[in-house]
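Sequence lines, in order, name chains A, B and C. When the letters of the first sequence are read in order and numbered with this note's numbering, they come out as residues 1 to 556. When the letters of the second sequence are read in order and numbered with this note's numbering, they come out as residues 557 to 941. When the letters of the third sequence are read in order and numbered with this note's numbering, they come out as residues 942 to 1234. Backbone N, C-alpha and C fix where the C-beta goes; we use that ideal spot for every residue, glycine too. Computed from a prediction, not measured in an experiment: that's the story for all the values here.
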Amino acid sequence: MEAFGDFWSTYSTLVYSVGVHMLLALSIWLTLSCGLLSLANAAFMGIGAYVGALLTLNLGWPFELVLLAAGAAPALVALVIGAPVLRLSGVYLAMATLAFGEVVRVTALNLEITGGPEGLNGIPLATSGWHIVAILALTLYGLHRLRRSRVGRAFEAIKEDEVAARLMGIDVDRHKLFAFTLGAMIAGVAGALNAHFTFFISPREYGFENAVDILTMTVLGGTGNLAGPLMGSAILTLLPELLRFLHDYRPMVNGAVLILVVLFLPKGISAALRRPPSQREDTPGTASTAAAQAAVEAAEEPATVLAIQQVGKHFGGLQVLEDVSFIVPAGGIYGLIGPNGAGKTTVFNLATGLLAPNGGRIEFAGRDLAGLAPHRITRLGLARTFQNIRIFGEMSLLENVMVGMHHHLDYGPLALLANSRACRAAEARARARALELLSWVGLAHKAGMEADELSYGDQRKLEFARALATEPRILLLDEPVAGMNPAEKTALMAEIRAIRDRGYSVFLIEHDMRFVMGLCDRIAVLNFGRIIAEGTPEEIRDNPEVIEAYLGREEA
Amino acid sequence: MKLKPTSLLLTALCAGLTGGATAADLKIGVAEALTGGAAQYGVSNRNGIQLAAEEINAKGGINGSKLQLVVEDEQGKKEEAINVYKKLIFQDKVLMIIGPTLSNSMFAAGPVANSAKIVAFGTSNTANGITDVGPWVFRNSVMESDVLPVTVASAVKHYKIKQVAVIYGNDDAFTKSGYDVFKQVLAEQKIPVTTTETYVKGDVDFKAQLTKIKAGNPDAVVCSCLAEEAANIMLQARGLGLKAPFIGGNGFNSPKLFEISKLAGEGTFVGSPWSNSNPAPANKNFVTAYKQKYGSEPNQFAAQAYDAVYIAAEALKATKLSGNLDTDREALKAALPKVSINGATGPFKFRPAKTKDGKPGGWDAEQKPFIYMIQGGKFTLYTGK
Amino acid sequence: MLEQQLLNALTLGSVYALFALGFTLVFGVLAVINLSHGAVFMAGSYAALFLVTRFELPLWAALPGAALFSGLLGLLVDVLILKPLRARNAPHLIPMIATIGVGIILTSAAQGLFGAEIRRFPEEILPAGEFTVGEVHVRALEIAIVAIAFALMGLLLWVLRGSQTGRALRAIAESPKAAWLLGINVERLFHVTSFVAAALGGVAGVLIGLDFNAITPQMGQPILHKGIAVIILGGMGDIRGALIGGLFLGTAEVLAKGYLSSQMGDAIAFGLLFLILLLRPSGLFGRVLERKA
């Protein structure tokens, strides 16, 4: 007992530091999990530490309240700078957050209230073991719940493919801002905890090196699961203590560990220790009311789903679309054909909100789409697939499809945290519906596989199922048979007809004539940015202009 | 208290290991930044401490016991300083601790010592408020507020200064607190400041600030900087044709100043408790022994750390050790304020700190500063003529 | 005073540009933010110091020696670390994190070998000479730095524009895969680029070590931050941008220190960087890339 007493007296601060570093690693794990590399977390930690210490020193607030404020303050800052900063991606985001961190550090250096470079000293000891344990447990639980929810799936989808995530109806900007803000809050609380057991804070503790330290811990442990940041921070906090005998060369080991992990354990230590993933347990659910609901919605369909009216688009001096007008009627299969470079995909990008037209009007079910963000348009009932398939490769099939249901799952954050019955029920329904959609395309038996493991044709089908999961009224298919052999094409035709028969409208782009002629009810022909013909397959086939402009060349 | 058997066992073990010591060794903890950015100061501190301990042990130790140093690297980081302190206190069970190197680290480690009731002895912590931490915190580093008023007054008198420019490092606790004192002293002595310029750690280009200073045409440049930066500032100032003399604080006190600046620092006024050319025998011994052992010139950090060990030794000499760690640490704390020595930094004794809130604080250095003027690349004592 | 400040700005800007040159080159060709560039810069400085003090080489011989040493260091990093990562097709942030590790190792090695204190070149070998034009003081060393920065920049641009290697490099910068399909030995050119960029960093280290006469293990860190600011200002991967960005940042910093407040120097540098990233992510002078949906 006495030995333990001595041990604890000696190493309690070290153990506290491990806890705080775990929180910091989790804070950056959160932003990384939706694909953001932010180096601002050291600065957020600093903001939390300063706010907390000042409240304790000057106003004598109770510590629990101090911790709350220390979380709230950086979260507010993150909210304010998040909107502009998070528009940047990849390296640029890293650099912008690094610059923000420097601005925070220099500000703390020059303010009177922060004590300038001398920092704040005499901060009373207020952090106790249970504070750290409780907050760490709460954070872990919250993040764990988040990970298994619509939000966690949305994060993963954003990380894998931002555009595809948008088109699944996910409000990407809001999710990023949420991760950034929540990360800032966790870092801020960690900062206040640290300040209240080290008696002293100064600006130099929150600079670039510290941001890198936090990042290193997370990367070392691995970002694939929550155990990663925990392991990484524990190792990197304890390692220097174990390496005391190396003296001057001690930091070298840190550097070497970093390189070796990046080189040989690309997914971090935690992933290396895990057994290879077995099939995830995904048992089919029961009810399938959503399907019935979709059918009802389809029945109320107005006659026109999508109306393109005098739409023009140019990139710089290049006019891609000029005065394009056509109407996609409800309930059928509509085709848009034209040679390469005619502007077909641009039409899709305009309709889904990825691009804004330079003129004209696009109406969906009588509603003008001008100015609507892609995720809003998706939520109205317009879903698409891509010519070069864009599935979320590292997610399971089931998760891929469930991402599509994002906006139909409307449990709140509290329900999520409490794991309430409503929340569980909603998740179960979504899972059942996802399995149902997978079985429509014949992939239900592979629901637990990672999407990357699928064959090309199966990936196409998965993309269909995922698009259908958004419960669209119209499905936009961008060259669905690209790269397929005749047998596959025939099978896919049947698939598309089946989708139509379930009450969805289909609008597709293709330049495989035989496929389009055999499948579509009506066809529009685009050439050099203009519609040169519109009508039934027979009318198109006999249209001399089409033959001259398109078929003639294609056949030759 | 059940600590006793363990500590006896430990001391017995130590005695067995070192062999031949008649009484138990006196364990002193040393926490210094031996790696990282503050290492250049921490290593000087450790060198001074080791030199003094070896000298004392060579002369037979203290009341028959040898000093045993337990040296740990605190990396100049506050968490590390706390960890090292705790290790020294609870695991190595030392009598007292010298260090840490930076004021920042002392702010973090001091409270640990205070609540564990063990002396924390700073040799290079000059920041305000260090000894506010509590009654167990001691330092022999002289505060700038004791030195700078005399320095500035002497320089003003010598050069008939009407106005000055100020430059300081604004991201470093040491140079910033030096600046705060300078600012107050200049205000008290009613000397106008033409411009106040700053730089940050790692800056090596001061030309923009110096060009601006030169434009203000000051009679002197007040500089709260560390020696290396000061030397670069002087060199670049002369390169820009700025001829005004410099007035510096504690940070100037290093032979580095001349190694780098050569004669660019001529006429500079420095106030300090130590200089390598102070002819007092204690200092001459120190400088010679240091050069012999480490092959380089000592600096003020080494000198103050060296003196700290002698101060501790003096207190230990007057303390009857019981073998009970708690009472021995307490006795040592009681003995320290009575110590007065004549060391490498001149006559020294402690004075009780005046704390902000009137609570009993620790102990500051009571030492008369010497004012030096740099002439011929050397610190020469300024006598006012 | 303005003339002197402008000269100060020119020297500081050239220093930044010289450093950013290799930094931006690596990004342009390898698409890697090489955060060990600061440490390579430091290593170049120490290499020259070692050659000058241990082997008593003259400065003109130590400079290429240091360049060679840094270059080999860069090559080593590319072969041992970046190449396997490329082979694995690692996400672009992974190599950046690996280079952070390289930086830590080099810095710590330098401190272990040479100690933490500031080292200097011996007085005798410094190019002496300074003169006054009107109010402006000029040192020979400053002229050398500006001249070398511009000369290296010119040389690099000339190689990139005019030579077959340059064309190949530009092709790689556009698309390594396409370049490979065209029969360009992409790996070899990655190695060459890493070598050249690190050598340039080493030269910058020596010149700056000479100018400010202060060499420390940590000297790479502040300039790395400035280098990041420069290549973002100038447009990442843009060689001319490195020069323009360097001069721009140097001028902004010097003028801020000279006419606003010296406390603002760094705040301005990073505040500016922050703003520019938000308003023009591809840099002040870089071309705006059309993002494809």
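Pull up the distance between the alpha-carbon of residue i and that of residue j, whole angstroms please.
i               : j               : result
A298 (chain A)  : H175 (chain A)  : Because A298 (chain A) carries a pLDDT of 47, less than 50, the predicted location of this residue cannot be relied on, and the following value inherits that uncertainty. Going from the Cα of A298 (chain A) to the Cα of H175 (chain A) covers about 30 Å.
A1088 (chain C) : G1142 (chain C) : 16 Å
W830 (chain B)  : M45 (chain A)   : 41 Å
K803 (chain B)  : Q931 (chain B)  : A quick correction: the sequence has Ile, not Lys, at residue 803 (chain B). Distance between the alpha carbons of I803 (chain B) and Q931 (chain B) is about 14 Å.
G152 (chain A)  : G35 (chain A)   : 12 Å
R1027 (chain C) : A342 (chain A)  : 36 Å
V163 (chain A)  : Y957 (chain C)  : 37 Å
T754 (chain B)  : I723 (chain B)  : 5 Å
A467 (chain A)  : L475 (chain A)  : 7 Å
N1154 (chain C) : R1061 (chain C) : 6 Å
V1144 (chain C) : L953 (chain C)  : 15 Å
D540 (chain B)  : K673 (chain B)  : With chain B represented from 557 up to 941, any question about residue 540 (chain B) goes unanswered, as that position is not in the structure.
L651 (chain B)  : Y641 (chain B)  : 12 Å
F1055 (chain C) : T731 (chain B)  : 26 Å
A800 (chain B)  : K849 (chain B)  : 38 Å
T559 (chain A)  : A498 (chain A)  : With chain A covering only 1 through 556, there is no way to say anything about residue 559 (chain A).
E241 (chain A)  : P251 (chain A)  : 11 Å
I1217 (chain C) : T965 (chain C)  : 17 Å
A1039 (chain C) : G592 (chain B)  : 21 Å
According to DSSP, what are the bridge partners of residue i?
i              : result
G902 (chain B) : B:G899
T304 (chain A) : A:P329
L475 (chain A) : A:A383, A:V506
Y724 (chain B) : B:T754, B:S780
Q309 (chain A) : A:R361
V693 (chain B) : B:A676
F200 (chain A) : A:N121
E539 (chain A) : Bridge partners of E539 (chain A): none, in fact.
K770 (chain B) : None; K770 (chain B) has no bridge partner.
V525 (chain A) : A:I337, A:A533
I618 (chain B) : B:S621
V749 (chain B) : B:V720
So residue i and residue j are supposed to be a Cβ contact under 8 Å. How far apart are they, rounded?
i              : j               : result
A587 (chain B) : L644 (chain B)  : 7 Å
S733 (chain B) : E118 (chain A)  : 6 Å
A911 (chain C) : L1190 (chain C) : Beyond the ends of chain C as shown, which are 942 and 1234, falls residue 911 (chain C); an answer cannot be given.
Q624 (chain B) : D6 (chain A)    : Going by Cβ atoms, the distance from Q624 (chain B) to D6 (chain A) rounds to 19 Å, so no, they are not a contact pair.
A980 (chain C) : V1043 (chain C) : 7 Å
N254 (chain A) : A42 (chain A)   : No, N254 (chain A) and A42 (chain A) are not in contact; Cβ-Cβ is about 17 Å, not under 8 Å.
A434 (chain A) : A383 (chain A)  : With a Cβ gap of about 15 Å, A434 (chain A) and A383 (chain A) do not count as contacting.
S828 (chain B) : Q856 (chain B)  : 6 Å
Might you give, ordered along the chain, the residues of its own chain that have their beta carbon closer than 6 Å to the beta carbon of residue i, omitting 5 neighbours on each side?
i               : result
L962 (chain C)  : L1141, A1183
L355 (chain A)  : N349
F1215 (chain C) : none
R429 (chain A)  : none
A108 (chain A)  : T114, P203
L1148 (chain C) : I1086
H1078 (chain C) : none
D521 (chain A)  : G332, I333
Excluding the five sequence neighbours on either side, which residues of its own chain have a C-beta within less than 8 Å of the C-beta of residue i, listed in chain order?
i              : result
T767 (chain B) : L796
L125 (chain A) : H196, F197, F199
G90 (chain A)  : L37
Excluding the five sequence neighbours on either side, which residues of its own chain have a C-beta within less than 7 Å of the C-beta of residue i, listed in chain order?
i              : result
N684 (chain B) : S733
V599 (chain B) : L590
Unbroken stretches of the alpha helix (DSSP H), 4 residues or longer, contained in the segment 1035-1108 of chain C: As far as the segment 1035-1108 of chain C is concerned, its whole alpha helix (DSSP H) runs of at least 4 residues are 1081-1103.
Continuous alpha helix (DSSP H) assignments of at least 4 residues falling wholly in the segment 316-375 of chain A: Within the segment 316-375 of chain A, the complete alpha helix (DSSP H) runs of at least 4 residues are 344-351.
Completely contained beta strand (DSSP E) runs for the segment 794-836 of chain B, where each covers 3 or more residues: Counting whole runs of 3 or more residues, the segment 794-836 of chain B contains the beta strand (DSSP E) stretches 802-804, 825-828.
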